[in-house]
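S.K.: Have a look at this one before I ask anything.
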Amino acid sequence: MNYTVRNSRPSDNGQLGDIYLNERRQTFTWVDPGKFSHEDFLAHSQGEIVWIAEAPDGEIAGFMTLWAADDFIHMLYIRKEWQGRGVGTALLKALPEWPRRKYRLKCLINNRNAKTFYAGRGFVVTGSGTSAEGDYEELSFIPA
0 MNYTVRNSRP SDNGQLGDIY LNERRQTFTW VDPGKFSHED FLAHSQGEIV
50 WIAEAPDGEI AGFMTLWAAD DFIHMLYIRK EWQGRGVGTA LLKALPEWPR
100 RKYRLKCLIN NRNAKTFYAG RGFVVTGSGT SAEGDYEELS FIPA
């Protein structure tokens, strides 16, 4: 399926907050859902580049944020009904110089679907740590 990937606009923030809240509550089942709020998206994406993937009908299927100074992919969230349909791959392709540039991210160890997604796109484990949501692995995409 073809998606339109574009930079976000202020008018998108409500929908992005919805996606961020809903997908974290559905995915991070080991975390108290009360720890997540709608306002988290704006707080957590400050200073980041935000891309949106729109379906042909204009629906926002998912989004990705990048902390450009460190080539760090901070967030990549896809609505449940759009997962497994190429949205995440379309968003990665929006990254500057993808796939000729190194990028990194953190992925919670318990988030098996995300780990499988990233491994399938060439990301490898380059570190580990602990966050408020649990243990994570640092994953890096290292160009060939």
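For the sequence shown, numbering that gives the first Met the number 0 begins at 0 and goes up steadily by one.
For each residue, glycine too, the CB sits at the ideal point set by N, CA and C.
1. Could you tell me which of Ile141, Gly16, Leu20 sits nearest to Glu96, measuring between CA atoms?
2. Would you tell me roughly how many angstroms separate the C-alpha atoms of Arg24 and Lys79, rounded to the nearest one?
3. Note down, in chain order, each residue of its chain lying with its Cβ closer than 8 Å to the Cβ of Thr129, except the 5 sequence neighbours on either side.
4. Which of the three DSSP states is assigned to Tyr43 in this structure?
5. If I measure Cβ to Cβ from Phe35 and keep anything under 7 Å in the same chain, skipping five residues before and after, which residues do I get?
6. Can you say whether Ser10 is buried or exposed, counting buried as having 16 or more other CB atoms within 10 angstroms of its CB?
7. Any chance you could list the alpha helix (DSSP H) runs of at least 4 consecutive residues sitting entirely within the segment 84-121, in chain order?
8. Output yes or no for whether 8 Å exceeds the beta carbon distance between Ala68 and Tyr2.
9. For Ile72 and Leu91, I'd like the C-alpha separation in whole angstroms.
10. Tell me, which residues are paired with Thr3 by DSSP?
11. Determine the direct distance from the alpha carbon of Gly33 to that of Gly85, and round the result to whole angstroms.
12. Whole angstroms are fine: how far does the CA of Glu137 sit from the CA of Tyr102?
M.R.: Answer, in terms of the structure:
1. Within the sequence shown, the letter at position 97 stands for residue 96. Of Ile141, Gly16, Leu20, the residue nearest in Cα terms is Ile141.
2. The residue labelled residue 24 in the question sits at position 25 within the sequence shown. The residue labelled residue 79 in the question sits at position 80 within the sequence shown. Going from the Cα of Arg24 to the Cα of Lys79 covers about 11 Å.
3. Numbered from its first residue, the sequence shown carries residue 129 at position 130. Cβ neighbours of Thr129 beyond the five flanking positions: Tyr135.
4. Here residue 43 is taken as the residue at index 44 of the sequence shown, counted from 1. The sequence as given places His at residue 43; Tyr does not occur at that position. Note: His43 maps to helix in three-state DSSP.
5. The residue given as residue 35 occupies position 36 in the sequence shown. Correct list, in chain order: Leu20, Arg23, Arg24.
6. Locating residue 10 in the sequence shown gives position 11, counting from the first residue. Exposed: under 16 other Cβ atoms inside 10 Å.
7. 86-91, 111-119
8. Locating residue 68 in the sequence shown gives position 69, where the first residue counts as 1. Locating residue 2 in the sequence shown gives position 3, where the first residue counts as 1. Cβ distance not < 8 Å, so Ala68 and Tyr2 don't count as in contact.
9. Looking up residue 72 in the sequence shown gives position 73. Looking up residue 91 in the sequence shown gives position 92. Cα to Cα, Ile72 sits roughly 9 Å from Leu91.
10. In the sequence shown, the residue the question calls residue 3 occupies position 4. Note: Thr3 sits in a beta bridge opposite Glu53.
11. The residue given as residue 85 occupies position 86 in the sequence shown. The residue given as residue 33 occupies position 34 in the sequence shown. Going from the Cα of Gly85 to the Cα of Gly33 covers about 30 Å.
12. Mapped onto the sequence shown, residue 102 falls at position 103. Mapped onto the sequence shown, residue 137 falls at position 138. Rounded to the nearest angstrom, the two C-alpha atoms are 11 Å apart.
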